[in-house]
Every structure is written in C-alpha cells, then in structure tokens.
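Here's the structure, in structure tokens; my notes come after.
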Amino acid sequence: MTETAAPDYHQMWAELGLDLPTHDALLQAVGSMYGDAYLTQANRPKGTDYLDFVLSEVHGLRIKELADFRKSGGKVFGTFCLYVPEEIIRAAGGWNVGLCAGAEFAYDQVEQIMPRNTCALIKSATGFKLAKVCPYFESSDLVIGETTCDGKKKAYELLGKMHNVWVMELPQMKRPEDLAMWKAEIRNLVKKAEETTGTTITAESLRAAITEVNDKRRALRRIAATCTADPAPISGKDRLLATQVAFYDDVPRFTQMMNALADELEQRVANGQGVAPKGAKRILVTGTPMALPNWKLHDIIEKSGAVVVAEEMCTGSRYYTKLVAEDGESVDAMLDDIAEKYLDINCACFTPNQGRIDDVIQMAKDYHADGVIDISLQFCGLYEMESHNVEQAVRDAGFPVLKITTDYSMEDVGQLSTRIEAFLEML
Ligand code: SF4
Ligand code: SF4
C-alpha cells in the first residue's frame, strides 16, 4: 500500500496572512490534544471516522473550500453566537462559520488590550486574531457580533479595529416588545447580508435555507436521542465534537454524515452496544459553551469512567433542539418564524432565564442522568451568577449537582479530576 502525502496548505495560509510558525505550533498542539482525548477511546462508532477526518483537515480542506468559494465571488460570514441565524446568511448566498475559540492562545498580547479577568472564550477568540492563527477569522468577509454579554460587546469594539465587524442588537428580555425589536433587528441582518453578498433573499432561497439548517439540527437531534439508552452508544466527547463541527462544516455534507452516524447509533442501541459499560454513571453537563478545541471537561469525566449523555449548552441542545417553523409562506412570515425560534434560545444573557432551568431538569429526566455538572467559564458573570439558581432547582428536582468554574488552562486538570471522581463515587 502506498501512503498519500498530506497536502501542504502553507501557501494558502500565507495568502490568508497567517503567522506560519505560530500557526504550525497551534496545529501541533491541537493534534496532540485530539490524539490524547479522542483517539484513545475504545468502542467508538465507525461513523466518527468522519469527525476524525474533519479534525485532521480543520485548517486544511475546509479552508480550501472557503477560499474556492470566495474566489468564485462567495462571501463568508464569521459568527460567535447562536443568536445569528445562519438561515439568513445562507439564503443570501453566503456561508457561515463559527469563530469562537476554545484554546488559550496569545494571552500576553490579549491582556495588553483587555482586562486579565475576561472570560477564556473572549480572550481566546481575541488571541487567535491577534496572533494571526485562525484561518476561519481571516477567511471571513464579515464578522457578525451580538450584544449578548458586556465582555463580548466591548470585545467587538476592539475586534472592529482589526476586522470588518458588524454587531446585532439582542434584547435581554423576552416580552412582546422585545420580540418586536428582535424582529426588526433580524430584518437589519437581512439588509446587511444582502448588501455583503449582493444577492436578494427570496421566499424560495429562505425556505430552502430553513429546511437545510433544520435538517442539520434534526440529524444532531437523532444522535442525541440515542443517548437516552443505557449503555449510551456514543461518548459525550464525540457528540460534543459533532456539535462543534456543525458550526463550520459544509451543511448538506455534514447532515448526510451525521444521519449515517445516527443510523449506526440506532443500530448499536438495538444491539445493546455502548461506549461505556451498561450502568456507567450518566452525566448531564450544562453551562457555558465549549468551543473547539475545548474538550477538557468531557475528557476528565469520561476518563473517570462516567459517560456524558447530554449537554444543555450552546454547543449542545441549545443549538439543535428547536427548529424554525417550515410553513411560512412569505419572506416576512419566515423572518418572523426565524426571530421567534432564535429568541427562544435560553442563554444566561436573558433575565429571567427560567427556561434554561426547566430545560436542564427536563433533560436530566429524559437522559436518565445520575448527576448534573454545571460549568461556568471563570469571569463569565452571567453563567457564574446563574449557577446558584440552577444548582438549587436541579437539587430540588432530585438530582445531585457539581458546580465547576474553570478556564482553558490545563493547570487545574488534576484538581478537577479529584473533584469529579469524588462526585461520581457519591452518585
Ligand atoms: S452562551 Fe449565550 S452568548 Fe454565548 S454563544 Fe450561547 S447564546 Fe451566545
Ligand atoms: S462565556 Fe460568558 S462572558 Fe464569556 S462570552 Fe460567553 S456569555 Fe460572555
């Protein structure tokens, strides 16, 4: 058998303006983290080969696809948050990629322009930009921010000095007047997307985009549903990775591959085949999103012998559970449907946010969780503050809870492992 040499993408990265030595170091670090967290797992479903392939080409093939798309006149939109509807970007002929970064990088440079006590997600995204190591950022013709938390609002002002950034105004409550304001803002996004791509959204293009993105969410929902079984047929780590990949992969291809994975998982459930033995402790994780390549908590939990059966987070159920209605007859009706679906996401930037607590309890029941781990990124005022109410309500509903505050560094892995092992023993 002859081995095919891996393609060399250095020329493409140089054209994007990346800092090549630093970028090489990043890729090497991510590759070794991936090997340690993912390739050491036993009993992985065959369908996860696709995720391995995507990760091996994370800054390669997909970036080449984006480059080819842009060469043919296409526009790429970078986004940081669930509240930016990808249906609108796609309907205007654009492609959407998620930008949130999940690794500690260039913090020395970041801390020169923002406070040390900023959450890891913001620092990481800014660090990737300052160090010129994110080809997704550099491939984005327009970065769309949103007024969610204060840290992000201010970070967009700083990022706006380095890149083409446009910010959407998100309400902080869900009253009828907030929905009316959000519907208007969704129309502002339509204008911005059309202006950027030069393509007008039509009822046909919007309907097709809604169906396409719903299909992607339906595939992820099928995968999630198989994890109500004991034993769970796929690890939480692989399921988390699938959701992370959903933010930047080609939509129809990803949907097809995830449906194939779901077919396999349904078969594994029918055969009683799992990644961990039947009876392994089942954990529901809730809290701040885990952007690629943040696999730290899942890795610790699953290496301690438990299995993460679901994530109530933006890189989890908040992303794929709710769908946009598919019966809107006009562009206007469909935009209203999009506005309603997106405002229904339960992020801690809203007050009150009882919907999230209800979701956590319902999911703990549906996935037969033995315990709930509530994770906040350090310095995330929203999720750290909300964790008290979450803990109390989940405990009152009869589920043991462990509260964790952490960041992206590996320094607390030993301490977290000890706490998690003690929690699992207590269940
Ligand atoms: S946690 Fe809130 S602000 Fe962060 S990505 Fe999710 S919806 Fe957006
Ligand atoms: S983790 Fe918290 S502070 Fe950080 S970007 Fe998300 S909502 Fe903002």
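Here the sequence shown is numbered in my numbering, starting from 5 and rising by one per residue. No residue lacks a Cβ here, since even glycine has one placed at the ideal position from N, Cα and C.
Closer than 7 Å: residue i CB and nearest ligand 2 heavy atom
i: Tyr387; result: yes
i: Ile126; result: yes
i: Lys156; result: yes
i: Thr292; result: yes
i: Leu83; result: Reading the sequence as shown, one finds Thr at residue 83 and not Leu. No, since every heavy atom of ligand 2 falls outside the 7 Å radius drawn around the Cβ of Thr83.
i: Thr152; result: yes
i: Cys231; result: no
Straight-line gap, residue i to residue j (C-alpha atoms, nearest Å)
i: Tyr38; j: Asp242; result: 11 Å
i: Lys156; j: Arg179; result: 23 Å
i: Lys50; j: Pro175; result: 43 Å
i: Asn357; j: Pro293; result: 16 Å
i: Thr422; j: Glu208; result: 54 Å
i: Phe81; j: His167; result: 12 Å
i: Val114; j: Ser128; result: 8 Å
i: Leu406; j: Trp17; result: 42 Å
i: Pro119; j: Leu125; result: 13 Å
i: Cys384; j: Gln116; result: 20 Å
i: Asp469; j: Glu19; result: Lying outside 5 to 431, the shown extent of the chain, residue 469 is not represented and no answer is given.
i: Leu428; j: Asp303; result: 14 Å
i: Leu59; j: Ser308; result: 24 Å
i: Lys326; j: Asp28; result: 38 Å
i: Met414; j: Glu108; result: 10 Å
i: Pro237; j: Phe84; result: 30 Å
i: Phe251; j: Tyr54; result: 15 Å
Neighbourhood of residue i by C-beta, 7 Å cutoff - its chain only, sequence neighbours within 5 removed
i: Lys196; result: Trp170
i: Asp340; result: Lys187
i: Gly359; result: Asn350
i: Leu22; result: Lys136, Val137, Pro139 and Glu142
8 Å Cβ shell around residue i - same chain, five flanking residues per side excluded
i: Glu198; result: Ala96, Thr204 and Ile205
i: Ile342; result: Pro89, Glu91, Ile92, Ile190, Ile214 and Val328
i: Val217; result: Glu90, Glu91, Arg94, Val255 and Val328
i: Arg74; result: Val80, Ser143 and Asp145
Residue i Cβ short of 7 Å to ligand 1 heavy atom set
i: Ile379; result: no
i: Thr409; result: no
i: Ile342; result: no
i: Leu193; result: no
i: Ile238; result: no
i: Cys318; result: yes
i: Cys432; result: Here the chain covers residues 5 to 431 and nothing more, so residue 432 does not appear.
Which residues DSSP lists as bridging residue i, in chain order
i: Ile361; result: Ile361 pairs with nothing; no bridge assigned.
i: Ser3; result: The structure shown does not extend to residue 3, since the chain is modelled only from 5 to 431, so the question has no answer here.
i: Val376; result: Leu288 and Val405
i: Asn100; result: Phe81
Contacting residues, own chain, Cβ-Cβ under 6 Å from residue i (five flanking each side not counted)
i: Tyr387; result: Gly291, Thr292, Ala352 and Ser380
i: Ala368; result: Leu288, Val376 and Phe403
i: Gly78; result: none
i: Leu163; result: Val169
Checklist entry - At what residue ranges does the region 28 to 84 contain a whole run of the beta strand (DSSP E), taking only runs of 3 or more? => result 80 to 83, all fully within the region 28 to 84.
Checklist entry - Whole beta strand (DSSP E) runs in the region 113 to 175 with 3 or more residues, listed along the chain? => result Fully enclosed beta strand (DSSP E) runs of 3 or longer: 146 to 150 and 169 to 172.
Item to check | Length-filtered (4 minimum) alpha helix (DSSP H) runs lying within the region 199 to 260 | outcome: Those alpha helix (DSSP H) runs which fall completely within the region 199 to 260 and span 4+ residues are 207 to 230 and 240 to 250.
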